[in-house]
Amino acid sequence: MTVSETRTNPLQALQNYGQSIWLDYIRRSLITSGELQRLIDDDGVRGVTSNPAIFQKAIAGSTDYDQAIKIVEDSEDQNAISLYEQLAIEDIQAAADILQPIYQQTNRQDGYVSLEVSPYLAHDTQETISEAHRLWQAVKRPNLMIKVPATPAGISAIQQLISDGINVNVTLLFAQEVYEQVANAYIAGLEALAARGADVSQVNSVASFFISRIDTAIDNLITTRLKITNNKDERRLLEVMLGRIAIANAKLTYQRYQEIYQSDRWQKLAELGAKAQRLLWASTATKNPQYSDVLYVEGLIGLDTVNTIPPTTLAAFADHGQPRPSLIENLDIASEMMLKLQRAGISFKSVTDQLLVEGLDLFSDAFDQLLGSVEKKREIVLGAKLDSLSYKLPEDLATSVQAHLEDWRLKGKIRKLWSHDASLWTGADENRWLGWLGITEDQLAQIDHLKHLAQEVKDLGFSHVVLLGMGGSSLCPEVMKLTFGKVAGYPELLVLDSTDPAQIQTLLNQINLTKTLFIVSSKSGSTLEPNIFKQYFFDRVQQIIGAESAGNRFIAITDPGSQLQHIAEADGFRHIFFGLPSIGGRYSALSNFGMVPAAAMGVDVAKLLDSAEEMVHSCAPSVPAEDNPGVVLGTILGVLANQGRDKVTLITSPLIADLGGWLEQLLAESTGKDNLGLIPIDREPLGNPKVYGSDRLFVYIRLESAPDQTQDAAVAALEQAGQPTVRILVANSYQLGQEFFRWEIATAVAGSILGIHAFNQPDVEASKIATRQLTTEYERTGALPPETPIFTEAGIKLFTDPKNAVLLSEAVGRDQSLVGYLRAHLNQLQVGDYFALLAYIEMNESHQAQLQVIRQLVRDSKQVATCLGFGPRFLHSTGQAYKGGPNTGVFLQITCDDAVDLPVTGQKYGFGVVKAAQARGDFQVLSDRNRRSLRVHFDQNVQADLELLQTVIKQILV
């Protein structure tokens, strides 16, 4: 949350408008690391709020509290709630002490820290009063506020607590009518306090209005209505209210606040030194990706108000916030919005009443989870572990890693990462691509849309869900499908990310089009493959069930405003789920691009996201580099790559093996550019340590619930041989969400150490352009441009670029044969190189098995790392590193004549032509980048030609 010193900090500027910023977050390392003090000094934070959900993530998702728990438990065993309160009170006291100077400087106006009474007591006035007194006495700090919910029972308790001289933060306010009851309770409490002759200036209170939840609830109602009405006037009325009700309600409440505290009744108390109960805006993180990420900060600025902001939103406002006195702007429009809501027949009271119920439930659920987490930690002292990470490195590498971790600590680089500081990378536009840092919190805040989808899909009785997408849109869903399999009662998920006609036909043979739900997933909405997939399958479904019903079998996932959104709306898709424009495709696993397909197939996405959130907190800016699991992994990746160990060899337990495919894209596409980067090696057969060179880093991701003894033995042998290794222990499949986030942080950190832009993919676009030129030529002439092989034997043709053709011809000499050319090509492999098979053929078990044999032959003979990718899917994954990364690859591209082709709706070309154009475009860019590439072209008998290729390579190498 660091702000450039060259400009005014927008957060500090809010004080000029009479608004105080409080931080909606707490954990021990925030305090002990000095981060809270820095936020106070640099960003003008003037208070802190907490709640059970915040404490649950802090305690369960970090090691911050382990030593404290151990000390307490070593002294005397306590139950979970007593243990929690001791930990929380220590944090509250420490934060209150840091905020004490602000409390004094502002004459007790700011400098508060809030602690919540148990949500279990929300409907019990006397128990709430009793617990508030107990916590007040335990903390013993004048700048404590006790949080009490605005239930009828809570409001009665608030009046009593104020009259007893206890500061109160009134929480879970949504409606102006309830606020007026709260304000009256506060004033009545002060009147009672004054009647006893006490000093009313010593007491303070805030009324916490929850903002974004109102828009989420209202928008959902409006969206539902929009789906069923064709009345233009009604649609205009509804659409104009989207995303505008929460701020309108807040502005009108602020007007009422000003009236209340200008009344004669209040003036009598003010003359005695009483402080007005300021409005505090809570739940100000934006939940809807179509809205500005600082909407509920910029739109709620006014004199004598407080905004309590979570870290991600705080960083966003520091980066691009625009302060202005917005609470007093357009009050007539605010009134008009509320009247429109009434005219639309939407009961605001019903919505706010329901929000209070749901808010209480959420806090109760969070408190349950909190106590469960504390109990686990109590039982084993160190607690329920996150996915753990350990590593063994040669001494020189270990020393370098430690030096870099210390550099990250001293220079506050983790804070820079979380504050979206582009200078951590190249200083370009990296700050625009860090929305994934807050995505788990956003997803959990609106988890109902995923739960409703899961139930809807289940109830509709679909047999299959087919995901149509590429790269970041398909790889996480594929991990979900191969990890969780078919979930009972839900449809089976299938993923199509290939234009190979045989592969499309194989999928068609697996499904019944009338019982299949299709998810078209494309962030940009303009990617070739998902668009032609959609055209093809939409046409097929339309032919069977009719044009009017076809759209009901389709869902879109895309960024707001994309071409796909417009197509989906025009074709009447069942749902459109949006991504965040600030999240790149490969970082989108925990966003809707990964979670919507997961929900549709029956994965408990709330459980997965909740687990992921624990890793989010463990990677937070307040966690020191050497204890930060994402930063440690990223530092190892970056440091070792800079010292020549750039082949990141992934070993994953069989039940989570497909995680490697997701990691391939994340690592290769993020770091493989500017002739630098990591080369991920996935699913390479394990070998004897002697076949590996000094360019490797081995990462073993072990599923504790289903380990593989062969892998265990192989990794132990590698460690014994002195190879650098990282071990990550994953307790169960639902903790894969933790790995998604850990590796995203790690990749961003590695990119910083490498000195590259970790969020763009410049060479992927080059292949797309080359492909587009070829398909355009086909549309114009009815054929792809002719090409001439450099050699043909047994129906197998060889192609390459002119420069490589000369080199190979010279190397072959008189041995003009398939063996001769392949030997010459493989002989280009040198120490530190890697060999990549790029297969534009159907991805099936038989083909994979044969290609795996070939890569093992090359690995064992040449002692180089090997890769295997099926086209065109790898173009959206490792293709970036092959073209833009270090020029150490030797590539063997495999293409074939397709036995059958399938037509692309609305085009002259079929899928086979698209695949051929993609392969040729890919090869062209490899050649343009001076990569050592040879293309082997089969006829229609792919299986036989693969066997021949395997025989020839074995003859060469063995």
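Following our numbering, the numbering of the sequence shown begins with 43 at its first residue and continues without gaps.
Cβ coordinates follow ideal geometry from the N, Cα and C atoms, glycine included.
Bear in mind the structure is a predicted one, so any value in this text is a computation, not a measurement.
TODO: Compute the Euclidean distance between the alpha carbons of ASP716 and ASP374, then round it to the nearest angstrom.
DONE: Counting only the Cα atoms, ASP374 lies some 55 Å from ASP716.
- [ ] Buried or exposed for GLU158, please, with buried defined as at least 16 other CB atoms from any protein chain shown within 10 angstroms of its CB.
- [x] buried
- [ ] Tell me where the beta strand (DSSP E) around ASN211 begins and ends.
- [x] 210-215
TODO: Look at the alpha carbon of PRO666 and the alpha carbon of SER75, and state the distance between them as a whole number of angstroms.
DONE: 7 Å
- [ ] Pick out whichever of SER903, ASP85 and GLU668 has its Cα sitting closest to the Cα of ALA440.
- [x] Residue GLU668 is the option with its Cα nearest to ALA440.
Open item on the list: By the three-class DSSP mapping on this structure, what secondary structure does ILE489 have?
Closed with: coil
TODO: Output the distance between the C-alpha atoms of PHE756 and TRP467, rounded to the nearest integer angstrom.
DONE: Note that residue 756 corresponds to Ala in the displayed sequence, not to Phe. Looking at the two C-alpha atoms, the distance is approximately 36 Å.
Task: Beta-carbon proximity list for LYS839, same chain, < 6 Å, skipping 5 on both sides - done: PRO831 and HIS979
Task: 3 or more residues per run - each beta strand (DSSP E) lying fully within the segment 966-1000 - done: 974-980
- [ ] Indicate the three-state DSSP secondary structure (helix, strand or coil) for TRP467 in the structure shown.
- [x] coil
Open item on the list: If I measure Cβ to Cβ from ILE1004 and keep anything under 6 Å in the same chain, skipping five residues before and after, which residues do I get?
Closed with: In this structure the chain extends from 43 to 1000, so residue 1004 is not present and cannot be described.
Task: Residues near GLU835 by beta carbon distance below 6 Å, same chain, minus five either side - done: LEU860
Task: Helix, strand or coil at GLU77 [DSSP, three-state] - done: Per DSSP, reduced to three states, the secondary structure at GLU77 is helical.
- [ ] Check each candidate in ILE998, PRO696, LEU549 and LYS274 and name the one with the smallest Cα separation from LEU510.
- [x] LEU549
Task: C-alpha distance - VAL895 paired with THR694, whole-angstrom precision - done: 19 Å
Task: Buried/exposed call for ARG255, threshold 16 Cβ in 10 Å - done: buried
Open item on the list: Quick check on GLY855: buried or exposed, where buried means 16 or more other Cβ atoms within 10 Å of its Cβ?
Closed with: exposed
Open item on the list: Going by DSSP, what residue range makes up the alpha helix (DSSP H) through VAL339?
Closed with: Where VAL339 is concerned, the enclosing alpha helix (DSSP H) starts and stops at 337-340.
Open item on the list: Using the three-state DSSP reduction, which class does THR767 fall into: helix, strand or coil?
Closed with: strand
- [ ] Tell whether a beta-carbon distance below 9 Å holds between ALA853 and TYR876.
- [x] no
TODO: Starting from the N-terminal side, write out each stretch of the alpha helix (DSSP H) that is 4 residues or longer and does not extend beyond the segment 683-743.
DONE: 701-713
- [ ] Would you identify the three-state DSSP class for ASP403, choosing helix, strand or coil?
- [x] helix
Task: Member of GLN61, ILE188 and GLN202 whose CA lies at the smallest distance from the CA of THR148 - done: GLN61
Task: GLN905 (DSSP reduced to helix, strand or coil) - done: coil
Task: ASN349 (DSSP reduced to helix, strand or coil) - done: strand
Open item on the list: Considering only their Cβ atoms, is the gap separating ALA130 from ILE73 smaller than 9 Å?
Closed with: no
- [ ] Rounded to whole angstroms, what's the CA-CA distance from THR213 to GLN332? Just pull it up for me.
- [x] 27 Å
TODO: Could you give the DSSP three-state label for GLY952: helix, strand or coil?
DONE: In the structure shown, GLY952 sits in a strand (DSSP, three-state: E or B).
TODO: Report buried or exposed for GLY387, applying the criterion of at least 16 other Cβ atoms within 10 angstroms of its Cβ.
DONE: Exposed: under 16 other Cβ atoms inside 10 Å.
Open item on the list: Pull the bridge partners of ALA249 from the DSSP assignment, please.
Closed with: VAL212 and LEU321
Open item on the list: Would PHE1 and PHE526 qualify as a contact pair, given that the criterion is a beta-carbon distance under 9 Å?
Closed with: It is not possible to answer for residue 1, since the shown part of the chain is limited to 43 through 1000.
Open item on the list: What ranges does the beta strand (DSSP E) occupy inside the segment 831-917, keeping only unbroken runs of at least 3 residues that lie completely in it?
Closed with: If we require 3 residues or more, the beta strand (DSSP E) runs fully inside the segment 831-917 come out as 833-835, 838-841, 876-881 and 907-912.
TODO: Could you have a look at GLY799 and say whether DSSP puts it in helix, strand or coil?
DONE: For the sequence presented, residue 799 should be read as His rather than Gly. Coil at HIS799, not helix or strand.
Open item on the list: Do LEU899 and VAL984 count as a contact pair if the criterion is CB distance below 9 Å?
Closed with: no
Task: Touch test, the segment 189-202 against the segment 227-236, Cβ-Cβ under 8 Å, three pairs minimum - done: With a cut-off of 8 Å, the segment 227-236 and the segment 189-202 count as touching, because enough Cβ pairs lie within range.
Task: From LEU294, SER540, GLN218 and ASP737, residue whose alpha carbon lies closest to that of LEU683 - done: Note that residue 683 is Ala in the sequence shown, not Leu. When only C-alpha atoms are compared, the closest one is ASP737.
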